[in-house]
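For the sequence shown, position 369 matches number 375 in my numbering, and the numbering has no gaps at all.
To keep things clear, I will list the structure first and then write my remarks on it.
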Amino acid sequence: MKKYDIHSVMVIPLVIKGEAIGALFINHHAAPTVFSRPQIDFAEKLGTSLALSLENAALLKAETNRKKRSQLLSSTASKLLATDNPQGIVYELCQEVMAYLDCDVFFNYIAVEEKQRLHLNACAGIPEETSKEIEWLDYGVAVCGCAARDACRIVAEDILNSADPRTDLVKSFGIKAYACHPLFSGGRVIGTLSFGTRTRTAFTEEELSLMKTVGDQVAIAMEGARLIQALGRSRDELEMRVKERTAELATAGELLERVFSSVDISLAYMDRDFNFIRVNRAYAEADEREPGFYVGKNHFTLFPNEENERIFKKVVETGEPYSVYAKPFEYAEHHERGVTYWDWNLQAVKDAEGRVGGVVLSLMNVTERVRAQEAVRVERQRLNDVLEILPAYVVLLTPDYHARFANRTFRERFGES
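Following this line, the structure appears as structure tokens:
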């Protein structure tokens with residue numbers, strides 16, 4: 007300190023909920039060499055304000071992570087609803103989940119009742135020739151076989167240092183942490199879905215919860231598709247089967263309804279002319295209505311918007327999905343709500359020949375997140391302005407002593423670098 011003619015130093019810990027997350031350093035380079043009581047009081051208030059700002063930033067980060075999770079679940083639900091072959095899009099969906107979780111491998115096995123074995127439906131992260139070697143798996147073999155046999159989740163951690171023989175297969179792939187969830191339908195196991203990572207030794211409970219939710223969505227869609235396909239194969243059977251087919255169709259409809267209600271995202275299913283066929287309760291409650299109110303009504307009669315109508319028509323014409331984040335919207339019937347912000351995803355629903363027969367719209371209200379971001383931005387700017395003009399050396403250091411900020415007084419004395 008003497009080298010830079012600094013006579014005294016004040017260190018204010020930045021504390022959030024009893025835990026120090028950093029420190030505020032204020033230096034004196036001229037007489038008097040002792041900080042006055044008002045200076046100390048001001049510095050303490052400044053430290054408290056700065057800690058609150060950092061806490062707001064942490065909350066914003068958590069909200070951003072929640073948004074990404076909700077967007078992922080919304081996307082998987084929309085795509086599963088828009089396809090009649092959920093097994094065929096598992097690879098695409100799981101690639102998105104892998105990217106979100108920062109995983110390196112996934113495996114999706116399907117139970118084949120005739121052979122009493124598991125068949126590899128989709129996987130990623132291992133060589134193609136290796137996937138052929140593990141195409142068929144017996145119950146009770148490896149992690150997936152045990153999860154299917156025992157009908158329970160298996161989570162393996164720190165695998166490279168584990169003696170558990172069930173993990174030998176994934177250990178050979180260099181996997182450090184691995185989680186396998188059985189896929190259920192009607193209380194029976196219809197397959198497994200697992201994810202693994204080579205970069206860390208364990209998963210968080212939040213990550214495991216996401217894996218289970220995606221697995222549940224896939225299982226529901228797969229069973230619904232199976233029932234619908236079974237109905238198609240049985241259409242030429244005797245008339246005495248009519249009641250059975252009707253019951254199975256009702257079951258399939260209930261399964262699809264579970265997909266609608268299993269996420270807290272607003273979902274709406276419309277025909278190609280944008281007449282509502284079905285909405286979930288989250289969608290209806292956003293406008294303070296019951297789900298049945300929307301059935302048969304046209305979206306743009308209820309919510310006229312030329313820009314949005316052009317977007318909807320383009321999705322129907324091209325069959326390509328459309329996504330937008332934090333799009334502003336104002337309710338025509340609820341001006342008191344002001345401008346709200348929404349993330350939305352619009353997926354085309356295609357038939358077996360690829361023709362668009364309708365659309366699935368998923369919405370998430372992100373108004374609070376947008377307002378929180380703006381509040382944090384304003385608070386940060388206010389703090390920066392105060393620190394910048396403070397007639398004392400101010401440097402903000404991270405716990406590992408990297409300077410995040412230096413005010414004008416400090417830069418003028420010690421330079422910019």
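Each residue gets a CB set at the ideal place from its N, CA and C atoms; glycine is no exception.
Remember, it's a predicted structure, so these values are computed and weren't measured experimentally.
Closest Cα partner of residue i within the set the options
{"i": "Asp108", "options": "Arg204, Arg155, Phe299", "result": "Arg204"}
{"i": "Lys303", "options": "Val285, Met228, Ala412", "result": "Val285"}
{"i": "Tyr407", "options": "Met16, Gly28, Val111, Ser200", "result": "Gly28"}
{"i": "Leu396", "options": "Glu418, Arg383, Met370, His187", "result": "Glu418"}
{"i": "Gln353", "options": "Glu342, Thr210, Leu369", "result": "Leu369"}
{"i": "Arg194", "options": "Glu326, Ala153, Arg383, Cys100", "result": "Ala153"}
{"i": "Glu315", "options": "His341, Gly53, Asp279, Glu326", "result": "Asp279"}
{"i": "Ser81", "options": "Val17, Val103, Gly94", "result": "Val103"}
{"i": "Leu30", "options": "Thr54, Phe41, Phe306", "result": "Thr54"}
{"i": "Asp47", "options": "Pro133, Ile283, Phe282, Met16", "result": "Met16"}
{"i": "Ile116", "options": "Lys333, Asn127, Asp293", "result": "Asn127"}
{"i": "Asp349", "options": "Ser168, Tyr331, Ala208", "result": "Tyr331"}
{"i": "Asn351", "options": "Ala169, Phe318, Phe309, Glu229", "result": "Phe318"}
{"i": "Ala225", "options": "Gln101, Leu199, Val376", "result": "Leu199"}
{"i": "Glu119", "options": "Arg155, Thr136, Leu308, Ala26", "result": "Arg155"}
{"i": "Ala49", "options": "Ala130, Pro405, Ala398", "result": "Ala398"}
{"i": "Phe201", "options": "Pro405, Gly192, Cys186", "result": "Cys186"}
{"i": "Thr136", "options": "Glu294, Phe179, Thr307", "result": "Phe179"}
{"i": "Phe306", "options": "Arg206, Ala208, Asn281", "result": "Asn281"}
{"i": "Ser14", "options": "Phe41, Gly24, Lys138", "result": "Phe41"}
{"i": "Lys356", "options": "Pro44, Ala169, Asn91, Val21", "result": "Asn91"}
Neighbourhood of residue i by C-beta distance below 6 Å, restricted to the same chain and skipping five residues each side
{"i": "Thr346", "result": "Phe335, Thr373"}
{"i": "Arg343", "result": "Tyr337"}
{"i": "Pro19", "result": "Ala26, Ala29"}
{"i": "Ala486", "result": "Outside the displayed range of the chain (7 to 423) lies residue 486, so it cannot be described from this structure."}
{"i": "Ser329", "result": "Asn351"}
{"i": "Met7", "result": "With a pLDDT of 48 at Met7, under the threshold of 50, the modelled position of that residue is not reliable, and no figure is offered here."}
{"i": "Tyr97", "result": "Ala128"}
{"i": "Arg159", "result": "His187"}
{"i": "Val301", "result": "Phe282"}
Coil, strand or helix - residue i by DSSP
{"i": "Asp279", "result": "coil"}
{"i": "Tyr106", "result": "helix"}
{"i": "Ser329", "result": "strand"}
{"i": "Gly151", "result": "helix"}
{"i": "Ile132", "result": "coil"}
{"i": "Asp167", "result": "A small correction: the amino acid at residue 167 is Asn; Asp does not occupy that position in the sequence shown. Residue state, collapsed to three classes: helix."}
{"i": "Leu214", "result": "helix"}
{"i": "Thr346", "result": "strand"}
{"i": "Phe48", "result": "helix"}
{"i": "Glu291", "result": "helix"}
{"i": "Phe286", "result": "Correcting the residue type first, residue 286 is Asn in the shown sequence and not Phe. Correct three-state label for Asn286: coil."}
{"i": "Lys356", "result": "strand"}
{"i": "Met7", "result": "Annotation note: pLDDT 48 at Met7 (below 50); position unreliable, no value reported."}
{"i": "Asp406", "result": "coil"}
{"i": "Leu396", "result": "coil"}
{"i": "Cys186", "result": "strand"}
{"i": "Pro297", "result": "helix"}
{"i": "Glu141", "result": "coil"}
{"i": "Phe41", "result": "coil"}
{"i": "Gly180", "result": "coil"}
{"i": "Asn304", "result": "strand"}
{"i": "Ala2", "result": "Beyond the ends of the chain as shown, which are 7 and 423, falls residue 2; an answer cannot be given."}
{"i": "Glu312", "result": "helix"}
{"i": "Ile95", "result": "helix"}
{"i": "Ala157", "result": "coil"}
{"i": "Phe420", "result": "helix"}
{"i": "Thr203", "result": "strand"}
{"i": "Phe335", "result": "strand"}
{"i": "Phe209", "result": "coil"}
Cβ-Cβ separation, residue j to residue i (assumed contact under 8 Å), whole Å
{"i": "Cys150", "j": "Phe113", "result": "6 Å"}
{"i": "Phe411", "j": "Leu402", "result": "4 Å"}
{"i": "Leu393", "j": "Asn371", "result": "Contact flag wrong, Cβ pair sits at about 35 Å."}
{"i": "Thr207", "j": "Glu163", "result": "6 Å"}
Close Cβ partners of residue i (< 7 Å) along its chain, the five nearest in sequence each way excluded
{"i": "Ile2", "result": "The chain is shown only over 7 to 423; residue 2 falls outside these bounds and no answer can be derived."}
{"i": "Ala157", "result": "Pro188, Val195"}
{"i": "Lys85", "result": "Ile95, Leu99, Gln353"}
Cut-off 8 Å between Cβ atoms - residues of its own chain near residue i, not counting five sequence neighbours on either side
{"i": "Leu124", "result": "Tyr115, Ile116, Ala117, Val118, Trp142, Leu143, Asp144, Tyr145, Cys150, Gly151, Ala154, Gly197, Thr198"}
{"i": "Gly360", "result": "Gly325"}
{"i": "Phe296", "result": "Sequence check: residue 296 is Glu here, not Phe. Cβ neighbours of Glu296 beyond the five flanking positions: Ala290."}
{"i": "Val400", "result": "Leu30, Phe31, Ile32, Leu393, Phe411, Ala412, Asn413, Thr415, Phe416"}
is_contact[residue i, chain D] using C-beta, thresh 9 Å
{"i": "Val118", "result": "Included in the structure is just one protein chain, with no chain D present."}
Touching by the beta-carbon criterion (3+ pairs, under 8 Å), the segment 307–325 and the segment 350–368: Cβ pair count under 8 Å is three or more, so yes.
Across the segment 286–300 and the segment 270–278, are there enough close Cβ pairs to call them in contact, namely three or more that are closer than 8 Å? Yes, since at least three Cβ pairs between the segment 286–300 and the segment 270–278 fall closer than 8 Å, the two stretches touch.
If you pair each beta-carbon of the segment 212–226 with each one of the segment 131–144, do three or more pairs fall below 8 Å? Taking one beta carbon from each stretch, the segment 212–226 and the segment 131–144 have fewer than 3 pairs nearer than 8 Å; the two do not touch.
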